[in-house]
Amino acid sequence: MKLATWNVNSLNVRLPHVLDWLEANRPDVLCLQETKQEDSKFPYGALKEAGYNAVHNGQKTYNGVAILSPHLIENAQFDIPDYADEQKRVIAASINSVRIVCVYIVNGQAVDSEKYAYKMRWLNALNIWLENELTKYPNLALLGDYNIAPDDRDCHDPIAWEGQILVSPQEREAFQKLLQLGLHDSFRLFEQPEKSFSWWDYRMMGFRRNLGMRIDHILVSNTLKDKCQSCMIDKAPRKLERPSDHTPVILELSL
DNA sequence: ATGGCTTATTGTATAAGA
């Protein structure tokens, strides 16, 4: 079973890339973030023609998450229950007896901003919810754009970035608290190239100079950990014309 | 010397992303 996540930075713009990528990679699950469209604009038809079912939790202009699969998508859940949030950042569903949780975690803008405070509150709500979800669904994978680089090696210049969003101690602590629920960073279960990143700034030739961050992750529960076969970042879509600033992460499971 | 992008909006500048 092949699971993947990709922040597409507008599905309206990136649909051709997504369709090409689905055809080339045929994942069993693709989680999307930043669809940036209302559900009425979501391309269910084009995806269906490509052999993919989809569930979408979207809104105009910002945020928006989706789960795509050629298999039956069951028991879809929208948003974090009991956490009031206008922003569409969560969708979850069961596919082939794996609970798929797709998240677009808050960016946070700057550590002294209200958006950062919202990010920390949001991460706390996610943690509380997932603790309960893991008891309900032991086979669980948490895929998405976390907007957290968990370790210095996940940042191209940890000294320049020290204390800033994506790498601040509080954010990294929140990431560790997710691991403490019994989740595992599938990417780090395997030998990886140095300076592996999943996002590069559009500016300053970030991609060409590999000035990136690893902020897109696939965490897996204890029961799925032993089933992990490989995890890799696919840089190919970042090289296309008009790319998303993020690129897909792919996990292969023996399921 | 460097090098300042991309998206959406009822827009022709601004906000947000990371």
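Heads up: the first sequence is residues 127 to 381, going by the numbering used here.
Virtual Cβ for every residue (Gly too), placed ideally from N, Cα, C.
Bear in mind that the values here come from a model prediction, so they are computed numbers and not experimental data.
Where Val216 is concerned, the enclosing beta strand (DSSP E) starts and stops at Val216 to Ile221. Leu269 is positioned such that its CB atom lies no closer than 9 Å to that of Thr161. Considering only Asn336, Lys321 and Ser322, the residue with the shortest C-alpha distance to Tyr328 is Asn336. For Asn233 and Tyr242, the gap between their C-alpha atoms comes out near 8 Å.
A distance below 7 Å between beta-carbons, with the five flanking residues on each side excluded, links Ile341 to the following residues of its chain, in chain order: Asp271, Tyr272, Asn273, Ile274, Ala275, Leu292, Ser324 and Trp325. Cβ neighbours of Val134 within its own chain (closer than 8 Å, five residues either side excluded): Arg140, His143, Val144, Leu158, Gln159, Glu160, Thr161, Ser370 and His372. With contacts defined as CB atoms closer than 9 Å, His182 and Asp154 fail to qualify as a contacting pair.
Judged by DSSP in its simplified three-state form, Thr131 adopts strand. When secondary structure is reduced to three states using DSSP, Ala202 falls in the strand class. Sorting Ser322, Phe301, Lys214 and Asp277 by C-alpha distance to the C-alpha of Leu249 places Phe301 at the top. Between the stretch 344-353 and the stretch 251-271, the count of Cβ pairs shorter than 8 Å is three or higher; the stretches touch. Arg215 is positioned such that its CB atom lies closer than 9 Å to that of Tyr230.
Here the stretch 297-314 does not lie against the stretch 361-369, with fewer than 3 beta-carbon pairs under 8 Å apart.
Within its own chain, the residues whose Cβ lies closer than 7 Å to the Cβ of Asp165, once the five positions on either side in sequence are excluded, are His182 and Gly184, listed in chain order. Annotated as distal: Leu366 and Leu307, with beta-carbon spacing of 9 Å or more. Taking the Cα of Val375 as reference, the smallest distance to any Cα among Cys228, Gln163, Leu381 and Ile254 is reached at Cys228. For Met246, the enclosing alpha helix (DSSP H) has its first and last residue at Glu240 to Lys262. The straight-line gap separating the alpha-carbon atoms of Leu309 and Asp352 is approximately 12 Å. Contact annotation: Phe168 and Ala192 have beta-carbon atoms nearer than 9 Å.
Residue pairing by DSSP places Leu156 opposite Ala130 and Leu194 in a beta bridge.
The shortest CA-to-CA distance from Asp208 to any of Leu194, Ser239, Ala176 and Ile254 is the one to Ile254. Classified as buried, Asn189 has 16 or more neighbouring CB atoms from the shown chains inside 10 Å of its CB.
Look at Gly171 here: in three-state DSSP terms it is helix. In the structure shown, Gln355 adopts extended strand secondary structure according to DSSP, grouped into three states.
In its chain, beyond the 5 residues on either side, Lys162 have a beta carbon closer than 6 Å to the beta carbon of Ser136.
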